[in-house]
Amino acid sequence: MKIAIGADHGGFELKQQLLDLVETLGHQIVDVGCHSKESVDYPRFAEAVCEKIIESQADAGILVCGTGIGMAIAANRHKKIRAAICHDDYTARMSREHNNANVLCLGARVIGHGVAEEIVKIWLKTDFSGGRHQQRIAQFSD
Ligand code: RB5
């Protein structure tokens with residue numbers, strides 16, 4: 004898959020670590036920044052990742068900020084985007100199986116890098132279950 008990935012300064016270091024992991028797992032990366040620990044505003048990176056997905060230049064996205072919250076709020080303003088904040092293996096799996104999340108939001112100040120890596124591994128390999136979940140998603144999203 005092609006994965007768009009973005010972060011603000013709070014998520015920069017974790018994003019850098021995830022670039023290697025995502026590539027090692029056999030995916031292509033579109034890194035929209037940021038590219039340093041200098042303070043930046045997260046909405047523009049959420050926007051950049053969502054744009055890639057909406058314009059079919061990426062299949063899914065990963066957004067990292069301090070808590071994951073700002074990124075998720077900003078990303079979920081788009082009708083085609085289903086962004087989920089995941090802080091453990093269970094929410095990572097369920098966000099794919101039940102919610103068909105197409106953007107994973109991580110809080111770099113909430114979880115450790117090891118936990119984040121496990122979440123990303125699970126999230127990228129888990130398929131949507133469809134069925135009754137598709138019917139529910141269709142009520143609010145394309
Ligand atoms: C930046 O300090 C912080 O507010 C941001 O990374 C994020 O947690 C916002 O939701």
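When we follow our numbering, the leftmost residue of the sequence shown carries the number 4, and every step to the right adds one.
The beta carbon of each residue, even a glycine, is placed where N, CA and C say it ideally should be.
As the structure is a computational prediction, the values presented were derived from the model and not from experiment.
Verify the contact flag: residue i, CB atom, against every heavy atom of the ligand RB5, threshold strictly below 6 Å.
i      : result
Cys68  : yes
Asp44  : no
Gly153 : The requested residue 153 is not part of the displayed model; the chain covers only 4 to 145.
Gly133 : no
Asp2   : What is shown of the chain runs 4 to 145, which leaves residue 2 out entirely.
Gly9   : no
Gly13  : yes
Per DSSP, residue i forms a beta bridge with which residues?
i     : result
Leu66 : Gly9 and Cys108
Ala51 : Its beta-bridge partners do not exist; DSSP assigns none.
Since residue i and residue j are thought to touch, with beta carbons under 8 Å apart, how far apart are those beta carbons, to the nearest angstrom?
i     : j      : result
Gly71 : Cys108 : 4 Å
Ala95 : Leu17  : Contact flag wrong, Cβ pair sits at about 15 Å.
Arg99 : Asp130 : 7 Å
Ala61 : Val33  : 5 Å
Quick check on the burial criterion: 16 or more other C-beta atoms within 10 angstroms. Buried or exposed for residue i?
i      : result
Ser59  : exposed
Asp11  : buried
Phe15  : buried
Arg80  : exposed
Arg112 : exposed
Arg139 : exposed
Phe48  : buried
Met74  : buried
What are the boundary residues of the beta strand (DSSP E) that residue i is part of?
i      : result
Ile32  : Gln31 to Asp34
Ile114 : Run containing Ile114: none; DSSP gives neither H nor E here.
Residue i lies in the alpha helix (DSSP H); which residues open and close that run?
i      : result
Ala146 : Coverage of the chain is limited to positions 4 through 145, which leaves residue 146 absent and any answer about it impossible.
His136 : Arg135 to Ile140
Arg80  : First-last for Arg80: undefined, no H or E at that position.
Asp92  : Asp92 to Glu100
Leu17  : Phe15 to Thr27
Just to check, is the beta-carbon of residue i closer than 6 Å to a non-hydrogen atom of the ligand ADP?
i     : result
Tyr93 : Because the ligand ADP does not appear in the structure shown, any question about it cannot be addressed here, the ligands present being the ligand RB5.
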